[in-house]
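Before any comments, here is the structure.
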Amino acid sequence: MVQYIQLNDKDYPVRINRRVMVAFEAKTGKGLNSLSNLSTQNLTDILFAGIREGYAFTKEKNPFKDIEDFEKILDEIELEEFYEKSANVIAGFFSKKEEKE
Numbered sequence: 002m003v004q005y006i007q008l009n010d011k012d013y014p015v016r017i018n019r020r021v022m023v024a025f026e027a028k029t030g031k032g033l034n035s036l037s038n039l040s041t042q043n044l045t046d047i048l049f050a051g052i053r054e055g056y057a058f059t060k061e062k063n064p065f066k067d068i069e070d071f072e073k074i075l076d077e078i079e080l081e082e083f084y085e086k087s088a089n090v091i092a093g094f095f096s097k098k099e100e101k102e
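Positions in the sequence shown are counted from 1; adding 1 to them yields my numbering.
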């Protein structure tokens, strides 16, 4: 599953999977039970890892060579927008889907 986050009128694919979570846990020492209490940098890290994985999954070229490139985009948006959009896209990978009738 891939979701998209819109930043500065551009959509970026995001995929949060086991690989992303293992890398995040290795880097931060935080697991699933810590997702509700992430620092701004932690949120940036997991979102960037998800975007890298999203581009790999969609086989599109990733425009970000490193996290610093990604952070330049994030620094152009309002902080409230960053928190809201990041939390929404990440939460989408951890919520149960409603069954269709």
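Where a beta carbon is used, it is the ideal one built from N, C-alpha and C, also for glycine.
Residue 1 versus residue 35: straight-line alpha-carbon distance, rounded: An answer regarding residue 1 cannot be provided, because it is not within the stretch 2 to 102 covered by the chain.
Beta strand (DSSP E) segment containing residue 62, residue limits: As a first step, residue 62 must be located in the sequence shown, where it is residue number 61. Careful: residue 62 lies outside any beta strand (DSSP E) and carries neither H nor E.
Inter-residue spacing [alpha-carbon to alpha-carbon] between residue 72 and residue 60: Within the sequence shown, the letter at position 71 stands for residue 72. Within the sequence shown, the letter at position 59 stands for residue 60. Those two C-alpha atoms are separated by around 22 Å.
Contact set for residue 102: own chain, Cβ-Cβ below 8 Å, skip 5 residues either direction: Residue mapping note: residue 102 aligns to position 101 of the sequence shown, counting from 1. With a pLDDT of only 42 at residue 102, under the threshold of 50, the placement of this residue in the model should not be trusted, and no figure is reported.
Neighbourhood of residue 100 by C-beta distance below 7 Å, restricted to the same chain and skipping five residues each side: On the sequence shown, residue 100 is found 99 positions in, with the first residue counted as 1. Low local confidence applies: a pLDDT of 45 at residue 100 is under 50, so the model's placement there is unreliable, and no value is given.
Helix, strand or coil at residue 93 [DSSP, three-state]: Counting from 1 along the sequence shown, the entry for residue 93 is found at position 92. DSSP places residue 93 in coil when its eight states are reduced to three.
Beta-carbon gap between residue 78 and residue 49 smaller than 9 Å: Translated into the one-based positions of the sequence shown, residue 78 becomes position 77. Translated into the one-based positions of the sequence shown, residue 49 becomes position 48. No, these two residues do not count as a Cβ contact at 9 Å.
Beta-carbon gap between residue 7 and residue 55 smaller than 9 Å: Counting from 1 along the sequence shown, the entry for residue 7 is found at position 6. Counting from 1 along the sequence shown, the entry for residue 55 is found at position 54. No, they are not a contact pair.
Pair within 9 Å by beta-carbon distance, residue 47 and residue 91: Numbered from its first residue, the sequence shown carries residue 47 at position 46. Numbered from its first residue, the sequence shown carries residue 91 at position 90. It is a contact, given that the beta carbons lie within the stated cut-off.
N-terminal and C-terminal residue of the alpha helix (DSSP H) that residue 28 is part of: Within the sequence shown, numbered from 1, the residue matching residue 28 stands at position 27. It spans 19-29 - the alpha helix (DSSP H) in which residue 28 sits, taken as one unbroken run.
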